[in-house]
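Notes to accompany the following structure.
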Amino acid sequence: MTNKITELFDIKYPIIQAGMIWNSGWRLASAASNAGALGLIGAGSMYPDVLREHIKKCKNATNKPFGVNVPMLYPNIEEIMNIIVEEGVNIVFTSAGNPKTWTPWLKEKGITVVHVVSSVKFALKAQDAGVDAVVAEGFEAGGHNGREETTTLTLIPMVKDQLDIPLIAAGGIANGQAMLAVMVLGADAVQVGSRFVASTESSAHEAFKKVVVDAKEGDTQLTLKELAPVRLIKNKFFNELQELYKKAPSIDDLKLLLGRARAKRGMFEGDLEDGELEIGQIAGLIHDIKPAAQIVDDMITEFKLAQKQAQKIVV
Numbered sequence: 158m159t160n161k162i163t164e165l166f167d168i169k170y171p172i173i174q175a176g177m178i179w180n181s182g183w184r185l186a187s188a189a190s191n192a193g194a195l196g197l198i199g200a201g202s203m204y205p206d207v208l209r210e211h212i213k214k215c216k217n218a219t220n221k222p223f224g225v226n227v228p229m230l231y232p233n234i235e236e237i238m239n240i241i242v243e244e245g246v247n248i249v250f251t252s253a254g255n256p257k258t259w260t261p262w263l264k265e266k267g268i269t270v271v272h273v274v275s276s277v278k279f280a281l282k283a284q285d286a287g288v289d290a291v292v293a294e295g296f297e298a299g300g301h302n303g304r305e306e307t308t309t310l311t312l313i314p315m316v317k318d319q320l321d322i323p324l325i326a327a328g329g330i331a332n333g334q335a336m337l338a339v340m341v342l343g344a345d346a347v348q349v350g351s352r353f354v355a356s357t358e359s360s361a362h363e364a365f366k367k368v369v370v371d372a373k374e375g376d377t378q379l380t381l382k383e384l385a386p387v388r389l390i391k392n393k394f395f396n397e398l399q400e401l402y403k404k405a406p407s408i409d410d411l412k413l414l415l416g417r418a419r420a421k422r423g424m425f426e427g428d429l430e431d432g433e434l435e436i437g438q439i440a441g442l443i444h445d446i447k448p449a450a451q452i453v454d455d456m457i458t459e460f461k462l463a464q465k466q467a468q469k470i471v472v
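All the letters of the sequence shown, read from the start, carry residue numbers 158 to 472 under the numbering used here.
Here you go:
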């Protein structure tokens, strides 16, 4: 499968394994890259020295291209970017910030830059900033999300209509059928998060992985829009948030309840009651935990089968 994205990243398949906090360490990134996708290390949950360690281990585990996802709202951003350059990483996905801040600097270092957006407006801003491609992520996605609440099947064709650079679709994509659907709508590739959370190599706690595969339709909801919108599995912490909302809380009230490190407690340490459990709506279609290579192979098999089935459709 060859297109603008596979050529841009020098990968076999137009599949990007999302760089998710507390889930996407070197094991997952290298496994995804070895399987023909583009693996991403999620820098958002790593101190600079930990990120350096993960990059080094990833380089030892694969000779294929891989990248780092960097949420720009996190502290130590300058140190993180310098480590990425020092360690010779050639692909950076940025998110949660202004792409103009780091794109020119990264491009000067010869790094391919992709920015994650949730709207047409921000896709155009990313293009103007000089990024090489854009990830357009729909409302269905897990974790931090756009305030616009635009769904993937609506967002992708609207962004495609305005964009001149390659487009990667994200949000609600966990199988080959969804991959084909968004590519028909104009995407050049897909970024997959939730499906890779439930992988053997994901650094997520096994208890969290089990919650993901047990999730049903309606078990996730977007909340905390006043701070940074995030899609969570409904648990004790989520229910406490809903009770607080009944009292018309201030932003400070929400911050107080949220506290610190809830995402780590939930996804990495396995606190299923008081932790923050970030996952997409597509969790309702994820029923097993399997190796990243099998996930990639299954998606490609499903994609090809869906292509054949689509040719049989008679209108």
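All C-beta atoms, glycine included, are put in the ideal place defined by N, C-alpha and C.
- In the three-state DSSP reduction, R417 falls in the coil class, being neither helix nor strand.
- Around L281, the same chain offers Q319 as residues with beta carbons nearer than 7 Å, after the five sequence neighbours per side are excluded.
- If you draw a straight line from the Cα of K465 to the Cα of A326, it comes to about 22 Å.
- For N226, the enclosing beta strand (DSSP E) covers residues F223 to P228.
- Counting only residues of its own chain and dropping the five nearest sequence neighbours on each side, K264 has a CB closer than 7 Å to the CB of V270 and G287.
- The stretch 160–175 makes no contact with the stretch 420–432: fewer than 3 CB pairs, one atom from each, lie closer than 8 Å.
- Every unbroken stretch of the alpha helix (DSSP H) spanning 4 or more residues and falling wholly within the stretch 323–379 is given here in chain order: 333–341, 351–354 and 363–371.
- In this structure N217 is exposed. Its beta-carbon is surrounded by fewer than 16 other beta-carbon atoms within 10 angstroms.
- From the listed residues G432, N247 and V249, the smallest Cα separation to I390 is found for G432.
- Take the alpha-carbon of V370 and the one of G441: they are about 7 Å apart.
- DSSP places E265 inside the alpha helix (DSSP H), whose first and last residues are T260 to E265.
- In the DSSP assignment, the residues bridged to T269 are I248.
- Judged by DSSP in its simplified three-state form, L389 adopts strand.
- Using a C-beta cut-off of 8 Å, the stretch 380–388 makes contact with the stretch 401–418, since at least three inter-stretch Cβ pairs fall below that distance.
- Between E236 and P205, the C-beta gap is smaller than 7 Å, which places the two residues in contact.
- The alpha-carbon separation between T308 and M177 amounts to approximately 20 Å.
- Under the 8 Å Cβ criterion, the stretch 439–456 counts as touching the stretch 356–371, having at least three qualifying pairs.
- Closest option to N302, judged by alpha-carbon separation, among G329, A192 and D289: G329.
- For F394 and Q438, the gap between their C-alpha atoms comes out near 18 Å.
- Counted as a single uninterrupted DSSP element, the stretch harbouring Q438 is not any beta strand (DSSP E), since DSSP gives it neither H nor E.
- Under DSSP, I173 takes part in a beta bridge, and its partners are L195 and Q348.
- Of the residues assessed, Q468 falls on the exposed side of the cut-off, its CB having fewer than 16 other CB atoms within 10 angstroms.
- Secondary structure at K447: strand, using DSSP grouped into helix, strand and coil.
- Residue environment for H444: exposed (fewer than 16 other C-beta atoms within 10 angstroms of its C-beta).
- Within a 10 Å sphere around the beta-carbon of Q399 sit fewer than 16 other beta-carbons, which makes this residue exposed.
- In the three-state scheme derived from DSSP, where H, G and I count as helix and E and B as strand, V274 is classed as strand.
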